[in-house]
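Inspection log for the structure reproduced underneath, given as structure tokens.
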Amino acid sequence: MPRLLVTGGAGFIGSNFAHYVINNSDYDVIVVDKLTYAGNRASLADLPEDRLTFVRGDIADARLIDDLVGNVDIVVHYAAESHNDNSLDDPRPFLHTNLVGTFALLEAVRKYGKRLHHISTDEVYGDLAFDDPNRFTEATPYNPSSPYSSTKAGSDLLVRAWVRSFGVAATISNCSNNYGPYQHVEKFIPRQITNVLRGLRPRLYGEGRNVRDWIHADDHSSAVMTIIEKGRIGETYLIGADGEKDNKTVVELILTLMGRPPDAYDHVADRPGHDLRYAIDSTKLRTELGWRPSFSNFEHGLAATIEWYRKNEAWWAPAKGATEAFYARLGQ
């Protein structure tokens, strides 16, 4: 069977991709993950052992990555430090993983002539004004605003340089905010869901006017597979599902879906440098490659996500206490 190497495959989006690949293709999957706080081996526990191989390791370990890349057909690079609040608290791990790790991976795929797909974020483009009629496109200039988004922008530029300078067969995708199963409770949607499940009040930064363009992780996975199978080498594709919602609306919808009053949340101090609005124009992906999202109704996808967290407390509970202690230290 052909084999995919998925870096960061025990994290939120990577583990959803591993599930998607095994359930919808003939590829076997090798996951390499450092298992920092955001990686969870349990996120892969229900996948068949004859289709999934797990390797614990750091993508910045050049020798390990060389060994792994030499024995697969395609590399899909999800591994990243990805939480803005953490990047403001301590930027160093973001430089190590997002820049040094991506460099190690690029050198390995260059050496062995392997196909690479690099996963990035819409946050590299900065933010948009609330009343801006435009959305991010592949031609939008980079304008990152945090250590997280700036290191992801740097990793994108490394990939582009290795394509141009060394002929590496790579594509890039920049995706909007994901939601769905297996997302760490530090993130916005699962934090609010698990607060309600624990009898705590959700927390909303500032006035909650910040807008994000939400996409279910399954739709992200299907888009990545479409790019791997049909995308043009050297190209960047933006992935989005037309899911713009402000944070206030999302919190109130979570409360309503969970049978609570929609105003049963607290406002906390806003995050420094908090981007105003993200919005993805995925026309290129849809017209050139024929991709379409399955979860076009955000409320339905959110309801399914709430139900997953309700049924899987054993998965998220171990991280909940430390997460809330971190936010308490920040006054949030």
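Residues 1 to 332, numbered by full-length UniProt numbering, are exactly what the sequence shown covers, in order.
Glycine residues also receive a C-beta, built at the ideal position from the N, C-alpha and C atoms.
| Check | Outcome |
| --- | --- |
| Going by other Cβ atoms of all chains shown within 10 Å of its Cβ, with 16 needed for buried, is F130 buried or exposed? | exposed |
| Sort out for me which residues DSSP pairs N177 with in a bridge. | W214 |
| What number of angstroms, rounded off, separates the C-alpha of L52 from the C-alpha of D263? | 44 Å |
| Anyone know if the C-beta pair for A80 and K187 falls short of 8 Å? | no |
| Helix, strand or coil: which one does DSSP assign to H274? | coil |
| Report yes if the C-beta distance between D156 and V124 is below 8 Å; otherwise report no. | yes |
| Would you list, in sequence order, the uninterrupted alpha helix (DSSP H) runs of no fewer than 4 residues that lie entirely inside the segment 26-78? | 62-69 |
| Would DSSP call D185 helix, strand or coil? | The residue asked about is misnamed: residue 185 is Val in this sequence, not Asp. Coil. |
| Taking only three categories from DSSP, how would you classify L255? | helix |
| With respect to the beta strand (DSSP E) encompassing L99, which residues constitute its N-terminal and C-terminal limits? | Premise fails: L99 is in no beta strand (DSSP E) and is neither H nor E. |
| Is the number of C-beta pairs between the segment 158-176 and the segment 111-125 that are closer than 8 Å three or more? | yes |
| Counting only the same chain and skipping the five closest in sequence on each side, list residues whose C-beta sits under 7 Å from that of Y309. | P190, I193, T194, L197, W316 |
| Got a sec? Which residues, its chain only, sit under 6 Å from H267 by beta carbon, not counting five neighbours each side? | L204 |
| Does A269 pass the burial test, meaning 16 or more other C-beta atoms within 10 Å, or should it be called exposed? | exposed |
| My output table needs one value for S149: the three-state DSSP class, helix, strand or coil. | helix |
| Measure how close the beta-carbons of V163 and K114 come, nearest whole angstrom, since I'm counting them as under 8 Å. | At roughly 13 Å, the Cβ-Cβ gap does not stay under 8 Å, so V163 and K114 are not in contact. |
| Taking C-beta to C-beta, are L238 and E313 nearer than 8 Å? | no |
| Going by DSSP in three states, V124 sits in which element: helix, strand or coil? | helix |
| If you measure between the beta carbons of H184 and A319, is that distance less than 8 Å? | yes |
| For residue 371 versus I306, is the C-beta distance shorter than 8 Å? | One cannot answer for residue 371 here, as it falls past the ends of the chain, which runs 1 to 332. |
| Write down the C-beta distance between L44 and S25 rounded to the nearest angstrom, noting that I regard them as a contact closer than 8 Å. | That pair is no contact at about 16 Å. |
| So T236 is in the beta strand (DSSP E); what residue range does that whole segment cover? | 236-239 |
| Quick one: is E252 buried, meaning 16 or more other Cβ sit within 10 Å of its Cβ, or exposed? | buried |
| For a minimum of 4 consecutive residues, which ranges assigned as the alpha helix (DSSP H) are wholly contained in the segment 257-329? | 283-289, 298-311, 313-329 |
| Do the CB positions of I59 and L105 come within less than 8 Å of each other? | yes |
| Is it true that the CB of A108 sits closer than 8 Å to the CB of V168? | no |
| Tell me the rounded alpha-carbon separation between R277 and L88. | 19 Å |
| What is the residue span of the beta strand (DSSP E) that Y205 lies within? | 203-205 |
| Spatial neighbours of R292 within its chain, please: CB distance less than 8 Å, with the 5 preceding and 5 following residues excluded, ordered by chain position. | R286 |
| Compute the Euclidean distance between the alpha carbons of A223 and Y142, then round it to the nearest angstrom. | 22 Å |
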